[in-house]
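Visitor: Just so you know, we're using the working numbering here: the sequence shown kicks off at 471 and counts up by one. Beta carbons are placed, not taken as given, at the ideal position from N, Cα and C, and that holds for glycine. My questions will all concern the structure given below.
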Amino acid sequence: MKTQSATPAPAKAAAPKKSSGGLNPVFVIPILFIIAELVFHFIFGDGKHFQDGDNTKLPLPGDYFGTVYAGGFIVPILFTCFLCVFVFSIERFITIGRANGSGSIDDFVRKVKSQLDRNEVSAAIAECDKQKGSIGNVVKTALLKYQQLTTETSMNKEQKLVALQKEVEEATTLELPMLEKNLTIIATLASVSTLIALLGTVLGMIRAFAAMGATGQPDTGALSTGISEALVNTAIGIGTAAIATIMYSYFTSRIDTLTYNIDEIGLSIQQNFAAHN
Numbered sequence: 471m472k473t474q475s476a477t478p479a480p481a482k483a484a485a486p487k488k489s490s491g492g493l494n495p496v497f498v499i500p501i502l503f504i505i506a507e508l509v510f511h512f513i514f515g516d517g518k519h520f521q522d523g524d525n526t527k528l529p530l531p532g533d534y535f536g537t538v539y540a541g542g543f544i545v546p547i548l549f550t551c552f553l554c555v556f557v558f559s560i561e562r563f564i565t566i567g568r569a570n571g572s573g574s575i576d577d578f579v580r581k582v583k584s585q586l587d588r589n590e591v592s593a594a595i596a597e598c599d600k601q602k603g604s605i606g607n608v609v610k611t612a613l614l615k616y617q618q619l620t621t622e623t624s625m626n627k628e629q630k631l632v633a634l635q636k637e638v639e640e641a642t643t644l645e646l647p648m649l650e651k652n653l654t655i656i657a658t659l660a661s662v663s664t665l666i667a668l669l670g671t672v673l674g675m676i677r678a679f680a681a682m683g684a685t686g687q688p689d690t691g692a693l694s695t696g697i698s699e700a701l702v703n704t705a706i707g708i709g710t711a712a713i714a715t716i717m718y719s720y721f722t723s724r725i726d727t728l729t730y731n732i733d734e735i736g737l738s739i740q741q742n743f744a745a746h747n
């Protein structure tokens with residue numbers, strides 16, 4: 471008796487190729503803290519920036535390196551925050567730039583939509599191979615699913631549309647974590663830097679008023695050291711927080727634009743499938 475072989479299940483469309491997840495903060499942040507400490511003690515704390523070559527004395531007039539060193543032990547922590555914002559901003563800039571692909575996203579979207587309107591799915595897939603990046607990966611995955619569903623006979627049209635939509639959502643979900651990684655660190659530093667600066671400011675003012683209270687008369691040296699500590703910490707902390715806030719807003723805006731373009735093409739793919747199948 472002839473046995474009937476089972477019909478093989480349709481192969482799942484290839485998932486987008488994952489790229490590097492970026493820098494690991496567990497290793498990067500301690501390294502940046504060590505760098506900040508070295509810079510603080512050996513560059514800003516160099517004796518040539520202080521009276522009599524002694525960094526325990528007042529900074530030379532107009533010497534900003536010595537003034538920053540007078541900010542106290544909070545300064546290296548704030549330096550670390552600044553270096554983290556700087557390093558992770560560069561890393562996100564490179565990662566998101568690669569995610570956009572090799573060409574203009576707007577041109578890519580127009581070409582793919584035009585090819586889909588003509589039902590040239592293979593040409594659209596070839597365009598994805600040229601574009602690359604996250605948007606190219608997601609669209610290619612959706613188009614491969616599109617091709618698979620056109621030959622699928624066990625599903626009705628509604629089920630195929632649901633499967634196609636699910637494929638786009640899954641591919642997008644796989645890519646977004648790579649784009650958003652380390653943005654939380656930048657966002658956190660935007661607020662934490664201000665709080666650390668406030669702590670340094672308070673400690674500096676405590677030091678300044680303690681110097682006055684010790685003798686009952688103003689001690690010019692101790693008073694100026696305390697005020698310098700307060701102002702230096704405030705300036706570095708606010709500056710770091712401002713840069714972190716700007717960079718976070720910039721990167722989230724670019725990711726939102728990228729996600730919008732993916733959604734736009736995904737909708738076009740579903741509409742095209744509904745029209746031609």
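List the DSSP bridge partners of residue 520.
Guide: In DSSP, residue 520 forms a bridge with 529.
Visitor: Locate the alpha helix (DSSP H) running through residue 535, then write down its first and last residues.
Guide: Unbroken alpha helix (DSSP H) run through residue 535: 534 to 539.
Visitor: Using the rule of at least 16 other Cβ atoms within 10 Å of the residue's Cβ for burial, across every protein chain shown, is residue 738 buried or exposed?
Guide: The residue is buried, with at least 16 neighbouring Cβ atoms inside 10 Å.
Visitor: Please name the residue, chosen from 631, 745, 500, that lies closest to residue 615 on a Cα-to-Cα basis.
Guide: Per the Cα distances, 631.
Visitor: Tell me which residues share the same chain as residue 502 and place their Cβ nearer than 8 Å to its Cβ, disregarding the 5 neighbours each side in the sequence.
Guide: So the list reads 550, 553, 554, 557, once near-sequence residues are dropped.
Visitor: Taking the alpha-carbon positions, what's the residue 506 to residue 693 distance?
Guide: Approximately 26 Å between the Cα atoms of the pair.
Visitor: With distances taken from CA atoms, which of 531, 605, 669 is nearest residue 726?
Guide: Cα-wise, what sits closest to residue 726 is 605.
Visitor: Am I right that residue 667 and residue 707 are in contact with their C-beta atoms under 8 Å? What's the rounded C-beta distance?
Guide: With 8 Å as the limit, residue 667 and residue 707 qualify as a contact, their Cβ atoms being about 2 Å apart.
Visitor: Between residue 591 and residue 609, is the Cβ-Cβ spacing less than 8 Å?
Guide: Cβ distance not < 8 Å, so residue 591 and residue 609 don't count as in contact.
Visitor: Less than 8 Å between the beta carbons of residue 659 and residue 714, yes or no?
Guide: The answer is yes: Cβ separation under 8 Å.
Visitor: What does the alpha-carbon distance come out to for the pair residue 528 and residue 670?
Guide: The alpha-carbon atoms of residue 528 and residue 670 are separated by roughly 18 Å.
Visitor: Helix, strand or coil for residue 709? Go by DSSP, reduced to three states.
Guide: Note: residue 709 maps to helix in three-state DSSP.
Visitor: Where does residue 724 fall in DSSP's three states?
Guide: If DSSP states are grouped into helix, strand and coil, residue 724 belongs with the helices.
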